[in-house]
Structure formats: C-alpha cells, structure tokens
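Take 34 as the starting number for the sequence shown in the working numbering and just add one per residue. Have a look at the structure below, then the notes.
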Amino acid sequence: MARVKQVGLLAAGCQPWNKDVCAASGDRFAYCATLAIYIYQLDQQYNEFKLSSIMSEHKKTITAFSWSPDHCDLFVSASADNLLIVWNVAEKKAVARLDNTKGVPVSVSWCWNSADGVAFVSQRGPLYLWAFRGPDPGVTVHKEAHSFLSDICLFRWHPTKKGKLVFGHTDGSLSVFQPGSKSQKHVLRPESLEGTDEEDPISALEWDPLSTDYLLVSNLHNGIRLVDSEALACITSFCFPSAAASVQCLAWVPSAPGMFITGDSQVGVLRVWNVSRSTPLDSFKLKKTGFHALHVLNSPLAKKAQTSISPSKSQHTSSTSEAVPPPTLSQNRSFSLPPGHAVCCFMDGGVGLYDMGAKKWDFLRDLGHVETIFDCKFKPDDPNLLATASFDGTIKIWDTNTLTAVYTSPGNEGVVYSLSWAPGDLNCIAGATSRNGAFIWDVRKGKIITRFNEHGKNGIFCISWSHKDSKRIATCSGDGFCIIRTIDGKILHKYKHPAAVFGCDWSQNNKDMIATGCEDKNVRVYYLATSSDQPLKVFTGHLAKVFHVRWSPLREGILCSGSDDGTVRIWDYTQDACINVLSGHTAPVRGLMWNTEVPYLLISGSWDYTIRVWDTRDGTCLDTVFDHGADVYGLTCHPQRPFTMASCSRDSTVRLWSLTPLISPLLLNVLTEQPWEKVIGNTDMAMVPGSPPLLCGKVSRDVKQELDKLSLDVRGKKLRWFSECFSPPGGSSNLWDLVSVINGQDDSLLPNSYSKGVMHMKHLLKFKTSEAQELTIVKMSKFGGGIGAPSKEEQLKEAADIHLRLGQIQRYCELMVELGQWEKALSVAPGVSMKYWKKLMQRRADQLMAEDNDDAIPYCVATGDIKKLVAFFTGRGQLLEAVLIAQGAVEGNIRAPLTSSVNHTMNDVDNRQQYQSLLQSVCKELAEWYFQDGCSVLAACCHLAVDDVQLAMSSLIRGNELELAACVGIVLGEAANQSTAYCLELLARKYMTTATWELSANLLQMIPDNHVLLAKLCAFYPGSAAEVNQLHQRCELPSLEDCGSLAEAALSDGDLFAAVKFHLLSSKPEHALHIGIQHVKEQLAGSDWTVDGVHQILDLMSYIRTDRLTTASFTEVRSELLILCGYIGGLLAIRRQYSSIVPALYEYTSQLLKRREVSVPLKIEQLSVELDAWRACTQTSNIPPSDSQRDEFSRLQKRIQPTNDVFVLHGVDYVTGSNLPSHSDLQLSCFTGQRIQGPVFLLEDSKSAISLNDALMWAKVNPFSPLGTGLRINPF
C-alpha cells in the first residue's frame, strides 16, 4: 500500500498555442494543457463541475482535439510527436493509436460519414482519413484535398452537407471541397490582401448551422467575415468598436439562430453578434486577459430541475384575480445573451464555463500554468503560500488551502527555471530565467524591483537566496560560473567551473558554505570566508552531469546530489566520501528534498515520472509514487508542516502529498502518552539503521518548549500542536478551532484565520455582519438601457392609474404585475392588507426562482420564507449560502412579518426549533458535499459547527483520518467516547504487525472495557511461547497453559464466548474454531437469529493466528470460517450502507461455497435471492420490487437491526484524494472490472487491486482478504 498520500492537485491551465483545444459534449467539457487533456463533468447532485479525469499519453505538445459528434464518450487528440489517439472518456483509456501521422497534425475532426473515422491534416496537406475501427481499418488520402500553396491552420466538415469541407490557410485564403463540384483552392482572401504576399492566418472557421453555404471566418488581422462558399463572395464584414480589438475565436450559439459570439484576444471581452448586423449587439468584459478559445455547448446543461411551486393560472383577469406576469426582463433584454453555456479559455491558462443567459460563471479556474513547472517553494513565514516557476514565463503564488492562485508575476520573463523566496517576511521572490538574467519580484508591490545580468544571455539554472545572510543571492549558469552577489548587485565571488553549473545550495549550518552541481559530473563545495576562488572540496563519482545539490538541514556536513546517471549520492563533507548511492530511478534525477524533521528521509523526483522516498540509513526505497504524467522537477516542504510536500512537473500540475504515513507511529506515541524519547531525539539516535522514526527538527523542539511552559490543558495542546504539524492543509486547524469552541474556549483566543473557514454557528452571523460592514458599498455594473413600451402597455398603465385614483388598490397591483412593474405593485400592496402583500411577495419570489434568478432572495427574506430559500440554494448547490440563511432564522433575524396582533412569542419559539432542525439538515448536506469532494476534515468541521460531535467523528473515520480522529475525540471527551474507542480499535488493527505490537497494545489500553480487545490482540500475536506469555502478562491475561484449562471450565459452565476466547489464547487455538463455528452454524439453521447474535463470536474467531489458520490440516474449518465471515460481512455492509461492496461480498461467499467442501446452512440460491431483493429495494430503477422481494428485504432488515449497545457507522468510506485523477496507469478493480479512481489497495498476490475505499469498508465488515486465502486484510 502507498506510504505517500496525494491530498491536493493544482490542475494545469489551457494551453494558448494551438487552435482546437477545448470542446464539450453532454454534461462534460474538456480542455488541453500542453501534455494532457482535462475532462470536467457535471455533478448532478451538487450542480457543479468537477475534474473527473486527466488523459495523458502524449509525450509532446497536444496540437488539436475534437469530440465525436455521434458518440459522447469518444474524442480524438493529436500531438507534436506525430501521434493520434482516440480516447473513451467513460472507460478512461485510449481505444486506438496512430503512431506516424507523416507530419504534425494541426487540425483533427471526425469524418462526416462515419462515427469510426477521423480526419487530420498537417502543414500543406494532404487530408488523411483514418478508419480506426470497422471492417477495413487504416489510413487513406482525400482524393482532392492536397497540394496546397499555403500551410493549413484549420479545417471543418459541414455538419449537414455530406462531404463538404473547408480549409483555412496561413495566407488568409480558404479552400472549399464538395463532392460533385469543382474544388476551389485558395479563394476568398480578405480584400486588403489581394495582390500582396502578406500573410494573415485564418484564426477561426465555423459553418453556419442553418445554411449549406455560409461560413463565418476570422482572420488574425482582418477581423470577421460571413462568406458564401458557393458564390465565393463576402456577405458581411463585421466591424469592431476599436481598431485595437482582434479576435482569434468565435462560436455559433445553437439556441439562437443567426447569433454568434467572439472573444477578444487582447482583453477578455465576450461580444454577441447577429449575422444581420455588422456591429456587436452587446459585449461583456469577463476577464482582464484575452480569449484564446471558445466553444458553445450544443445542449443546455441538464441541471437539477427546480420544482415550480405555483400552479398555472388562467389567462382571464377579473378585478381581483391574479395577473399572469411576463418573464423578468434584464435591463438590456433586447440584446441580452441567449441561453447557453460557453467554454472559455484564456491566454493566461484560465478556463471557465460561462452561463450566457444568467451572465455568470458556472465554473472558473482563473489561472493555471500552461507549460512545464520547473520549481516550487513554500513561503518561509507562511506554510499556506506556495510559489511556482514555469516554462510559460511566470511565477505564480498559490493558496494551498483553497488551491487557487493569489498572485502572478508581472509580464513574461521567457522561461523561469528556478525561484527562491527572500528569508522571513520580506515578501520578495528571486527568479532565474533562460535568457533574461535573474530578477527580484516584490510580491506586494506587484513589480520587478531589481535585475541581475552578470551571466549575459546565458541561461541561469538555479537561484538561491541565503537564509542565514539575507543580503546574499547565488546564481549558477550555463556560462560555467556560480556568482555570489549582494541584493543591490555588488559581486562578492565568481566561481568558475569547467562546464555549465546546474545547481547550488547554501549550507543550513554554515552561512559561508555553498555547494554546486556541474555538467562535469562533480559536486564542489566553496567557502566564502576566504578570498580563494578554488573549491574546498570536489566530490567525484557520478557517471553523468550533476543537476541539483541539497545540504541536509539536520546533519552537519551531509549533502546529496542528483544526476543524469539516475542515482542520488549522499556525501559526507567531514569524511571527504560518498557514504551512500541510492539507485532505482530509470532516468535523470531532478527534484531533491530532505525532510526537516526526520534526518534519514530524502525524496527525489525524476524524468522517469516518479517520486521516490528513501531511507538514507541503508539506501532502501520506502515508496515510489507514479501519479505525475511527466518529468518531476521540483519538490519542497515547509518546516512548520514538515510532512506536507509539494511537487511540480512537466505535466504542468502541482500536487500536494502527505508524508505522515511514513512516520505515523510517531503521532500515536504522542497519543498514547509515551515518554518524550519515543517522539523527539537527536540525529545520532534517529540514524541508527532500523530504529523507529524520531523528530529531530526545530518545529518539534519548539512545540516541546511551549508545552513545558504550560500548566493547564497540556494534553489537549500537545495533541493539537502535533496533529497540526503532521496534517496536510485542508481544514485540520479549522477543525481544532471548532473543538476549542465546543470545549468553551474564549472567543478572543481564536486566530484571524478562523473567520475564513467553517465557523461555529454561534459565530457565523457575528463575523458575517462585520464582513458586510467592511464591504460597505459595492458598485454593480449595468448592461445597457431599457426597451421602448408598446401601446398596449401604455393603455394598461392608463387603466391602472384610473383604478388607483378610484381606490381599487388590488386591481392596480395586478395590472402593475401584468406590466412587470413588481416594485410599484409591492410598494402599495400593504394598502390592501399585509396578507395580500405577503402573498404578492411570495408570487414574485416563486417567479424569480423559476427563472433561477438571485433577485428572489430579498423577497423570501422579507416574508420569512426560510424553507423555500434554503431549498432554492441547496437546489443550486449553494450550500454555504443555505447554511447562512438557516442560521439567520435560528437566531431570529429572519422571521415572517406580523399579519395580526396575536401574541407571537410561542410561535417564535416553535419557529426557532423548526429552523434549528433545518439548520442541522443544511449543515449535514454541506458536510456531505465536502465529504464527496474528498475533504473529510472539512466535512467534520461542518458537523462540529452545529455541535454534532458524533457525525464529525464519523466523517473523520469514514475518511480514514484515524490518527486525527483519535486526537480530536480524546480532547472532546465524553461526547465522542464511543467513536474514539472505535477509532483506537481500528488503529490498533493497523499496527498489529511485526514491529509495532507494543503500539497496538498501548492503543487498546486507552479504551475502557478493553478485555476482549486485548484478548484478540494476544490471540493474533505470532511469537514464541515465551513471547506470547510475556504479552499476556502485559495485557493482564492468564498464561498459555492456564488459558487451556480456563477454556474447558468455561465450556462446562455453558459460557461459550469465554470458552472460544480462552481456547484462542491457549496453545491449541483450533479448538476455539470447532466449538465456535458449530455454534454459529446452529444459530443460522434457526429462523430468528440476528447479525449481532453471531457477529461477536465470528469476529473473535477471526483473530486466530494466521500461521495456524493457513495450515493444510485446517482447510475445512478455514473454509467454513471464511464463508461465514463473508456472509455476515455482506449483511453488515447492507446495515452500514456500503453499497459498492455488498455484491462483492455475496459473490465472494458464493464462490467459496462452490469451490470448497463444506457443510454450512447457506445455499447459493438463497444468497442470490437476498442480493436481488437488496438491489430491487435500495437501488433506483424503473422496475419496482416484487412483493416477494419486499418480504425478503424486510426479513434482512430485521436480521441486521442493531442492538442498543452496538456502535454503527453509516455511509461509505471516501478517503482524501479519492477524487483526484492520477496521470499514472489506472488499475482495474477485481470487484467491478472498472478503473479505480483515487488510491489503490493491492491484495496479497501483488496483482489484484481494489480501491482503498472498498478495502477499508471490506475490512470493517469482513477481516479476511477477498482472495479467500485466509490472510487478514489491513488497509488502515
């Protein structure tokens, strides 16, 4: 099982170089980064788009991309290594490859005549047709589309006119081909280009969907034209408001005939056009940076239907009947955008899905690197800010909690190879570029404040700001020099090397020592305090160039180097020697990082796409991570969060990792209150080969010093501080703040960051009110002017004025509603009655909600219609808004207006209670949203915000955050007792392995009433008789010999459970199985047995020593135990709602029954009937369950009904990272045959795989492996 856990992903942005790089189909849209295609899918439950997969098999830049019009799961992509791939999105795999396209395809498209054919073209043609399926696969050439005189930019098949085809060329001309007609090559160049050699490439090309001959064409400089491909004439040239505006992308709007949209390439202005007018109807500035690509979804997105609340009204209007209002008009509805969604890609890599009708983003990723990320570093004084340097010429700074960009460097610096933060809180970054020297960027001022050009035009591969002396910056370059200078540019040293210098690193213990890595295969160490320009030491041994060097932060004189020979070498400066060679990478090594707390942990990244974690004491590789889709360049961690690592790669992503599983016993030593020497030590102790990990860094020492000063709540603080140090970003600090609020801590002690996270409900309104006061005035942008009113409206208006003068206020109001002038109607409605005003307000809210319009909100608030408003927000997936509204109601700030003078106090109390339960349910839904998003810690925060300790603990356990759950549970005390005990039990199971039995026993001894649990531990322990007796003594259990006689005594007293327990603890545990299994079989043969009646004894028997259970003489009894555990496990899975593994458990039990000679009271036919009944009664389908299935399922439900004292967790497990797509080869689940998303768990044959989520659920209901070997499964 992987020891390194992926906890965050910063997706790449959309590449700005090629044309066809975004597309959409059904409820998915996709865009191309440089090396991978990112697929987003609509989550119907929460109405939002989520990254569902990353397709990456291209090794060079993707040049074009096209979604199949006939098959929503297929698309094709082309790349610069002459490769075409057809992908199946649903199966997340490539279904066909064409390896030699005879040139780089600049444009690809699905053939008009065949769902199985793809057309592609490069440079001057010809057009190739590739049939990748069907009876006659292969590549053919289009009969006419070849021998062009100018390179091709794009081509498009006509959507309805079969075989008609147009090409756009770099010289600005078009070529049109149509079966049965003469081909037209290089026609329709813009008039201004006729007779010249100037080039004006075609930047966009789309057929008019309503015509066989009309075509929209955009030239880079000459703008947009509508042309007739038959008459070869330009029909309209479209005019832009300013000469500066230019367009590279356009798209027809399917829902509005004759309408199309364009995106400006300088600034992000979206313009709306109609072919009947040469000027735009409207324009909207969506972003500061220009558009690169546009695509309009053909069908409106199938969002969750909003149920209409008001019944339809008749058209007849009497003086008091309700008028039928017209739809709400925006201020500029005459030219308002048609309904539809546009996928927008911007020049800065940003990608969004814009809802044109509602004028809002349904999804927006504002920035993203579009090329290789060479370096990443955390800000020295803030572990939540990460800077990245990229081939795309920018440095970007990200908030690792929200995974969003917060700053980007000004301008484009060419290629940025390396970055280094200024020490402390100086808020500056030094960057090194390929051709433009080095620079210092002042992040707060947003500008470059210094440039260094001593290396001329040579590439600077590494820059390093000294953290011991903040005035010194080192750079090393292709010119063979490592230069040390002060920040104001004064050169201190210029160290000449015999070849290019790629890496340099300041010693963390001596401010005057620096190491370099050179192309001549050597590592050098220089001492700045002397005037000599010769190195103090030269280390030789690598067989190819040395790239990076890194000094150990914890061991003086130790440094490592990574080389193109695929190895990492560890050097001891004091011994002048290489003390270890780490071999395993199959390509050059780039990223290198020492852990700042555990001195032997070293991590490397390579061009072989992997990250490796090394134990440098003996050179073993502890884990290999395969999730990146290309070369891994940068690795970094922050001293305050030493076990959260960031990595960056040529795949343009940044990924966050938790290294905690590598050292997890440490946090449990804190939890079980072990002496300090088992947690914190010195480097000499930690470096002893094979010894358990110890913390030796500054953070752990600081925590210990702070704890030594405390007199109160030492244990709570100790658990919190260590748990925060071990936890990745994403809510653990937020969770601890909420725990302290629940435990009654003074509000004034809460940190500033508290108000930015999930707050306790008692603080929510207080903090939001102050936030509103800070925001004061927000200027809203208006879109254009109104519409002239026709004469019918004039007449109605006149009639309404007469009614008003006659005092017929209700009639006036209804006419105003009919005119759409709701504000006038509502302002005088109280003159009829408060009841009528309230009804009118509700009608207005209903109408706005039906239109999905945010303007409904104030109407609901004013009338106190909380339920409707909460339903409105939850239906749109805006769960945070729903929580705020519900809390406002609970605190009595939102209430219905008084419509009579009766005493309302009692009513208010009833309403508050009603709103309290509404608030609980909304927080629950918000928690579930976080949980499904792989954020179990934030889900727990939502439950704690409404004081629901049980559900908070449940979220953490279901997310497998067991160490964190145990720490939090202990601090919360009594309210979490049951969950804490269950959590400690699971942790004890996790550590029932060779090196950590002691830890397992310590954990179980923290649980009250732990006698049976300790007996299970001792029964499972595989040591010699003397060792077993020693453990028995430690757990206060009788010796092996005494257990045998106690078992016989218990049996004669009729205490079957005690007899099984003592037999298991004796030297002949097989006796336990014989009597225990016999008892369970007798129970199952009856009709009134329950799961809890048999599970307890089965679970106890499952702890028999593995070496005994798997011996040949145990075959029959082993088979019976596995079958019974499988069947009861299936029933427990139904109880716990583990729907993904119920079929697998039933199938496992049936297979064992088929293959093994056993006599158990279970029939395969009966298992099949039960499984069908469960499916029919719990899974949504159009066929209702039959009566017999209903009866069968109700029998099952009676069996699985828990007894009062049994602790039951409901709901599937979903660990952090489950929703993060991996670039690596996806594995198939042996349960479902489908690809596994998220972490994978390999079974004992090292081939069969299931998802970690399924493995966790399986282990909680059936301790034995799904392979039927009799080995226990331990995925915790």
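We put the beta carbon where it would ideally sit given N, CA and C, even for glycine.
| Item | Value |
| --- | --- |
| In terms of residues, what are the limits of the alpha helix (DSSP H) holding residue 987? | 982-991 |
| Just verifying my parser: in three-state terms, what is the DSSP assignment at residue 639? | strand |
| With DSSP collapsed to three states, give me the class of residue 97. | strand |
| Just curious, the beta strand (DSSP E) that residue 690 is in, first and last residue? | 687-691 |
| Label residue 1028 either buried or exposed according to how many other C-beta atoms from any shown protein chain fall within 10 Å of its C-beta, with 16 as the threshold for buried. | exposed |
| Residue 436: which of 1050, 764, 529 sits nearest, CA to CA? | 764 |
| Ignoring anything shorter than 4 residues, give me the alpha helix (DSSP H) runs that lie fully in the stretch 1203-1237, in order along the chain. | 1220-1233 |
| Within 10 angstroms of its Cβ, does residue 715 collect 16 or more other Cβ (buried), or is it exposed? | exposed |
| Would you tell me roughly how many angstroms separate the C-alpha atoms of residue 664 and residue 401, rounded to the nearest one? | 18 Å |
| How about residue 303 and residue 314: are their beta carbons less than 7 Å apart? | no |
| Check the C-beta distance from residue 1206 over to residue 1178 and give it rounded, since I have them as a contact under 8 Å. | With 8 Å as the limit, residue 1206 and residue 1178 do not qualify as a contact, their Cβ atoms being about 15 Å apart. |
| For the stretch 1285-1299 and the stretch 1166-1178, state whether three or more C-beta atom pairs, one from each stretch, are separated by less than 8 Å. | yes |
| What's the C-alpha gap between residue 222 and residue 279? | 17 Å |
| Can you grab the Cα-Cα spacing for the pair residue 85 / residue 1101, in whole Å? | 53 Å |
| Using alpha carbons as the reference points, say which of 220, 1292, 284 lies closest to residue 261. | 220 |
| Just mark residue 539 as buried or exposed, buried being the case when its beta carbon has 16 or more other beta carbons within 10 Å. | buried |
| Suppose you measure from the CA of residue 679 to the CA of residue 637; what does that come to, to the nearest Å? | 12 Å |
| Quickly, what does DSSP pair residue 239 with across the bridge? List them, please. | 249 |
| Buried or exposed for residue 47, going by 16 or more other Cβ atoms inside 10 Å? | buried |
| What would DSSP say about residue 91, mapped onto helix, strand or coil? | coil |
| With 16 other CB atoms within 10 Å as the buried threshold, where does residue 653 fall? | exposed |
| How long is the line joining the alpha carbons of residue 1299 and residue 1280, rounded to whole angstroms? | 13 Å |
| Considering only residues of the same chain and omitting the five flanking positions on each side of residue 787, which have a CB-CB separation below 7 Å? | 770 |
| Are the CB atoms of residue 1032 and residue 701 within a distance shorter than 7 Å? | yes |
| If I'm right that residue 61 touches residue 71 with Cβ under 8 Å, what's the distance once you round it to whole angstroms? | Residue 61 to residue 71, Cβ: 11 Å. No contact. |
| Is residue 429 buried or exposed, if buried means 16 or more other CB atoms sit within 10 Å of its CB? | buried |
| Mark residue 1149 as exposed unless 16 or more other C-beta atoms lie within 10 angstroms of its C-beta, in which case mark it buried. | exposed |
| Using the beta-carbon count (16 or more within 10 Å), is residue 721 buried or exposed? | exposed |
| What's the call for residue 964, buried or exposed, on a 16-neighbour Cβ count within 10 Å? | buried |
| Would you check if the stretch 476-485 and the stretch 514-531 touch, i.e. whether three or more CB-CB distances between them fall below 8 Å? | yes |
| Taking C-alpha atoms, which residue in 876, 426, 1089, 284 lies nearest to residue 326? | 284 |
| What residue does the alpha helix (DSSP H) around residue 1015 start on, and which one ends it? | 1010-1023 |
| Are residue 897 and residue 927 touching if we call contact CB-CB under 7 Å? | yes |
| Does the distance from the CB of residue 595 to the CB of residue 606 come in under 7 Å? | no |
| Whose C-beta lies closer than 8 Å to the C-beta of residue 226 among residues of the same chain, with five residues either side of it excluded? | 204, 205, 233, 255 |
| So for residue 968, helix, strand or coil by DSSP? | coil |
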